[in-house]
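Going by my numbering, the first residue of the sequence shown is number 1256, and it counts up by one from there.
Even for Gly, the Cβ is constructed at its ideal location relative to N, Cα and C.
Take a look at the structure set out below.
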Amino acid sequence: LYQPAREVGGDFYDFHSLSEGHLGLVVGDATGKGVPAALVMSTTLGMLRAVSQASDSSSPGEMLRRVNEALVPSIPDNMFVTCFYAILDPKSGSLSYANAGHDLPYLHRNGEAKELRARGMPLGLMPEEMGYEEKETILGAGEAALFYSDGLLEAHNPKGEMFGFPRLQALVSEHGEEESLEEAL
């Protein structure tokens, strides 16, 4: 589901085919609002696709490192991009991932919502070669992973209460086995 707060925004997600039947999954957020954020988001998505297609690497950390190097010279000084990049092997259920400062996705496993943690600085901030920690997990039958952006967390109910991390984690724990976690959220 993608629903920007304005006509356009900086949040994004994408899927792309990789070698050996693997699938690249990405979710991210360019700082700011409106057209400037949308332009940085579009540039970042293009770079992610180009690097994924040009690379034989099945390394999420290497993908983020290369995109960071390409993005630093072309991004406005006051902007950056948070990004979570994962590679799924549908045959084995292996999910390898790296994070460039994005909100942590949740994995629904055994009735709990576990965070998919990996460390890394946002894209476009540091011109030096950045290292991005890589982790891996195996998705079992009936398990679900939720990738999201801060728009979900920052949504407010009619009382003015923010949705927030605790509510998100509780709902993922409670509804992670349902057909559509999106509807429950």
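Asked: Which complete beta strand (DSSP E) runs does the region 1369 to 1409 hold, if anything under 3 residues is left out?; Found: 1389 to 1393 and 1399 to 1401
Asked: Could you tell me the boundaries of the alpha helix (DSSP H) in which Ser1307 lies?; Found: Gly1289 to Ala1309
Asked: Identify whether Met1417 lies in helix, strand or coil by the three-state DSSP scheme.; Found: strand
Asked: According to DSSP, which residues form a beta bridge with Ser1351?; Found: Ile1342 and Glu1391
Asked: Considering only C-alpha positions, which residue in the set Leu1343, Val1336, Ile1393 and Thr1299 is nearest to Arg1364?; Found: Ile1393
Asked: If you follow the beta strand (DSSP E) that Val1281 is in, where does it begin and where does it stop?; Found: Leu1278 to Ala1285
Asked: Using CA atoms only, rank isn't needed, just tell me which of Leu1378, Arg1320, Gly1264 and Pro1345 is closest to Gly1279.; Found: Pro1345
Asked: Does the Cβ-Cβ distance between Phe1339 and Asn1354 come in under 8 Å?; Found: yes
Asked: Please state if the CB of Ile1330 and the CB of Gly1366 are separated by a distance shorter than 8 Å.; Found: no
Asked: Using 8 Å as the Cβ pair cut-off and three pairs as the minimum, do the region 1282 to 1290 and the region 1403 to 1418 touch?; Found: yes
Asked: What is the DSSP secondary structure of Leu1426, counted as helix, strand or coil?; Found: helix
Asked: Spatial neighbours of Thr1299 within its chain, please: CB distance less than 6 Å, with the 5 preceding and 5 following residues excluded, ordered by chain position.; Found: Val1336
Asked: So Ala1368 and Val1327 are supposed to be a Cβ contact under 8 Å. How far apart are they, rounded?; Found: About 34 Å separates the two Cβ atoms, so there is no contact after all.
Asked: Report the residue from Gly1264, Met1296, Phe1270 and Ser1307 whose alpha carbon sits nearest the alpha carbon of Gly1289.; Found: Gly1264
Asked: Are Leu1343 and Pro1360 touching if we call contact CB-CB under 8 Å?; Found: no
Asked: With DSSP as the reference, label Ser1272 as helix, strand or coil.; Found: strand
Asked: Check Leu1326 in the structure and name its three-state DSSP category.; Found: helix
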